[in-house]
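Enquirer: Last residue of the sequence shown: number 413 in this note's numbering, and the count goes up by one each step with no gaps.
In this text, a Cβ means the ideal position worked out from N, Cα and C, and glycines have one as well.
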Amino acid sequence: MVNQKKKFYITTSIAYTNASPHIGFTQEVVQTDALARYHRLLGEDVFFLTGTDENGAKVAKAAEEEGKNPKEFADEISEQFKALKQILNLSNDDFIRTTDQKRHWPTVQKVWLKLKGNGDIYKKKYKGLYCIGCEAFIKEKDLIDGKCPIHQQKPEAIEEENYFFKLSKYSKQIEKVIKRDEIKIIPESRKNEILSFIKQGLEDISCSRLRKNLKWGIPVPNDDTQTIYIWLEALVNYISALGYAKDEDKFKRYWPADVHCVGKDIFKFHSLLWPAMLLSINLPLPKTIFVHGFITVGGQKMSKSLGNVIDPFELVKKYGTDPVRYFLLREIPPTEDGDFTYQKFEGRYNSDLASGLGNLVARVLTMAKKLKTTTQNSKLKKEIDNTWKKYKKALEEFKFN
Numbered sequence: 013m014v015n016q017k018k019k020f021y022i023t024t025s026i027a028y029t030n031a032s033p034h035i036g037f038t039q040e041v042v043q044t045d046a047l048a049r050y051h052r053l054l055g056e057d058v059f060f061l062t063g064t065d066e067n068g069a070k071v072a073k074a075a076e077e078e079g080k081n082p083k084e085f086a087d088e089i090s091e092q093f094k095a096l097k098q099i100l101n102l103s104n105d106d107f108i109r110t111t112d113q114k115r116h117w118p119t120v121q122k123v124w125l126k127l128k129g130n131g132d133i134y135k136k137k138y139k140g141l142y143c144i145g146c147e148a149f150i151k152e153k154d155l156i157d158g159k160c161p162i163h164q165q166k167p168e169a170i171e172e173e174n175y176f177f178k179l180s181k182y183s184k185q186i187e188k189v190i191k192r193d194e195i196k197i198i199p200e201s202r203k204n205e206i207l208s209f210i211k212q213g214l215e216d217i218s219c220s221r222l223r224k225n226l227k228w229g230i231p232v233p234n235d236d237t238q239t240i241y242i243w244l245e246a247l248v249n250y251i252s253a254l255g256y257a258k259d260e261d262k263f264k265r266y267w268p269a270d271v272h273c274v275g276k277d278i279f280k281f282h283s284l285l286w287p288a289m290l291l292s293i294n295l296p297l298p299k300t301i302f303v304h305g306f307i308t309v310g311g312q313k314m315s316k317s318l319g320n321v322i323d324p325f326e327l328v329k330k331y332g333t334d335p336v337r338y339f340l341l342r343e344i345p346p347t348e349d350g351d352f353t354y355q356k357f358e359g360r361y362n363s364d365l366a367s368g369l370g371n372l373v374a375r376v377l378t379m380a381k382k383l384k385t386t387t388q389n390s391k392l393k394k395e396i397d398n399t400w401k402k403y404k405k406a407l408e409e410f411k412f413n
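(1) I believe Phe302 touches Val271 by the beta-carbon criterion, under 8 Å. Please report the beta-carbon distance rounded to the nearest angstrom.
(2) Would you give the residue range spanned by the alpha helix (DSSP H) that Asn174 belongs to?
(3) Below 8 Å between beta carbons: does that hold for Thr2 and Glu245?
(4) Does His34 come out as helix, strand or coil in the three-state DSSP assignment?
(5) Do Glu108 and Ile240 have their C-beta atoms within less than 8 Å of each other?
(6) In whole angstroms, what separates the C-alpha of Phe306 from that of Leu372?
(7) Using only the alpha-carbon positions, how far apart do Asp154 and Lys280 sit?
(8) Looking only at its chain, what residues have a beta carbon closer than 6 Å to the beta carbon of Leu61, apart from the 5 residues adjacent to it on each side?
(9) Sort out for me which residues DSSP pairs Asp105 with in a bridge.
(10) With DSSP as the reference, identify every bridge partner of His116, one or two as the case may be.
(11) Quick test of the definition: if touching needs 3 or more C-beta pairs under 8 Å, does the segment 178 to 192 touch the segment 213 to 223?
(12) Say whether the segment 327 to 342 touches the segment 351 to 371, bearing in mind that this needs 3 or more beta-carbon pairs closer than 8 Å, one atom from each stretch.
(13) Within the segment 299 to 386, note down every full beta strand (DSSP E) run reaching 3 residues or more, in order along the chain.
(14) Counting pairs of beta carbons, one from the segment 186 to 193 and one from the segment 54 to 72, are three or more of them closer than 8 Å?
(15) Could you pull the DSSP bridge partners for Arg221 from this structure?
(16) Count the other CB atoms within 10 Å of the CB of Tyr50; is the residue buried (16 or more) or exposed (fewer)?
(17) Beta-carbon separation of Tyr134 and Tyr175 under 8 Å?
(18) Got a sec, what are the start and stop residues for the beta strand (DSSP E) Val271 sits in?
(19) Please list, in chain order, all residues of the same chain as Lys166 whose beta carbon is under 7 Å from its beta carbon, the five residues on each side excluded.
(20) What is the rounded straight-line gap between the Cα of Val14 and the Cα of Asp57?
(21) Mark Thr11 as exposed unless 16 or more other C-beta atoms lie within 10 angstroms of its C-beta, in which case mark it buried.
(22) Measure the alpha-carbon distance for Lys17 versus Asn204 and round it to whole angstroms.
(23) Counting pairs of Cβ atoms below 8 Å between the segment 94 to 103 and the segment 216 to 231, do you hit three or more?
(24) Would you say Arg221 and Gln238 are within 8 Å of each other, going by their C-beta atoms?
(25) For Gly310, count the other beta carbons within 10 Å of its own beta carbon; 16 or more makes it buried, fewer makes it exposed. Which is it?
(26) Measure the C-alpha to C-alpha separation of Leu295 and Ile198 and round it to an integer number of angstroms.
(27) Closest to Asn30 by C-alpha separation, out of Leu53, Ser90, Pro287, Arg52, would be which residue?
(28) Classify Trp117: buried if its beta carbon has 16 or more other beta carbons within 10 angstroms, exposed otherwise.
(29) Since I believe Val248 is in contact with Val123 (beta carbons under 8 Å), could you give me their beta-carbon distance rounded to a whole number of angstroms?
(30) Spatial neighbours of Ile186 within its chain, please: C-beta separation below 7 Å, excluding the five flanking residues on both sides.
(31) Buried or exposed: which applies to Asp334, given that a residue is buried once 16 or more other Cβ atoms fall within 10 Å of its Cβ?
(32) Taking the alpha-carbon positions, what's the Ile206 to Ser390 distance?
(33) Which same chain residues, not among the five before or five after Lys356, have their C-beta less than 7 Å away from its C-beta?
(34) Is DSSP giving Leu207 helix, strand or coil here?
(35) Using a threshold of 8 Å, state whether the C-beta atoms of Pro346 and His282 are closer than that.
(36) Note down, one range per segment and in chain order, each alpha helix (DSSP H) of at least 4 residues found wholly within the segment 25 to 74.
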């Protein structure tokens with residue numbers, strides 16, 4: 013029987029397994045879950061995907077620091093991200109892992125061969141600065157005091173013969189689809205940022221590393237001297253989870269993605285590299301890319317060295333699932349940076365949930381027991397209808413707060 017429901021495919025980004033989950037990714041999965049639940053409420057056939065990004069230099073380095081092999085380390089961290097479903101009451105339908113050699117690897121290699129077959133992958137010698145934190149090459153002019161502006165670490169000088177993807181070939185097409193909102197980037201400021209970036213000129217991107225220098229990753233098909241670049245293969249998760257390599261019915265049912273929810277640090281890969289890859293292999297483009305900001309702690313960036321990383325498991329253990337979800341949706345601006353402190357959290361908890369909503373529910377339940385309604389209250393019905401309209405408008409505009 014053909015499913016007549018309107019489909020809605022929504023994804024988080026996939027989380028790096030170089031460290032345990034923190035409050036930043038927790039915000040992303042809760043935002044995505046809220047949207048998935050809203051579209052189910054509308055009666056749509058929702059497919060909600062999340063997962064973990066487990067290959068590459070960053071994960072290999074983190075594993076080495078812990079004295080573990082990369083697979084063992086990735087397994088442990090991935091399980092922690094998987095456990096977010098239970099503690100946060102998430103409704104995701106699937107959880108994809110990039111170390112999955114049955115689901116993910118065949119799709120990545122199929123995509124690689126298609127890109128190469130279409131003349132969009134070529135080999136050349138390259139010299140550049142590589143930031144392990146970004147898992148990307150970075151230009152010298154973008155460094156601040158010789159360091160990556162995001163990760164505050166010096167990039168590694170690399171000189172290799174690698175494969176390159178012809179990103180520059182798709183520059184005008186990508187600019188056109190973003191300008192026309194065929195890929196709608198939310199908020200508008202991020203759309204303007206990406207259009208400005210395109211105007212500076214897109215360069216072809218290195219899409220492999222020498223395998224002797226990076227063993228932890230997916231091998232390039234027909235070339236065992238090279239490992240596929242993490243971003244090229246990680247983005248493929250959105251179609252590997254749908255069975256692009258084998259399960260055609262599921263893929264045809266849900267692709268393209270209706271919404272990719274991602275952080276501001278990785279939205280360029282989703283707005284440039286991913287559409288270019290899809291254009292090359294002739295697949296429809298995602299409809300919307302929703303970009304959220306970062307969460308600081310007491311005005312400072314979260315870091316292990318400062319000891320201010322907020323553990324979602326500890327937070328839920330202390331306050332409960334719904335207060336954590338509520339705070340992340342209500343207090344943190346949907347598309348801008350937000351700040352977490354225990355004082356702010358407890359303030360919201362006490363004023364909104366305990367005093368506000370808690371008292372309201374208690375009073376309404378008490379009155380409902382005592383009073384009997386025999387006639388329809390048209391004024392109340394109108395108020396309910398108006399509230400529903402406001403709720404729909406807010407969710408359609410990604411205004412969780």
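Expert: With the structure as the only source:
(1) 6 Å
(2) Run containing Asn174: none in the alpha helix (DSSP H); it sits in the beta strand (DSSP E), 168 to 177.
(3) Nothing can be reported for residue 2: it is not among the residues displayed for the chain, which extend from 13 to 413.
(4) coil
(5) Sequence inspection shows Ile at residue 108; the Glu mentioned does not correspond to that position. Against a cut-off of 8 Å, the Cβ pair of Ile240 and Ile108 comes out as no contact.
(6) 33 Å
(7) 15 Å
(8) Thr23, Asp106, Ala253
(9) According to DSSP, which records beta bridges pairwise, Asp105 is partnered with nothing at all.
(10) In DSSP, His116 forms no bridge with anything.
(11) yes
(12) yes
(13) 300 to 304, 307 to 309, 350 to 352
(14) no
(15) Thr239
(16) buried
(17) yes
(18) 271 to 275
(19) Gly158, Lys159
(20) Because the pLDDT at Val14 is just 49, under 50, the model does not fix this residue reliably, and the value given afterwards should be weighed accordingly. Going by the C-alpha atoms only, they are around 12 Å apart.
(21) Lying outside 13 to 413, the shown extent of the chain, residue 11 is not represented and no answer is given.
(22) 34 Å
(23) no
(24) yes
(25) exposed
(26) 22 Å
(27) Ser90
(28) buried
(29) 5 Å
(30) Ile210, Leu284, Pro287, Ala288
(31) exposed
(32) 49 Å
(33) Glu343
(34) helix
(35) no
(36) 35 to 53
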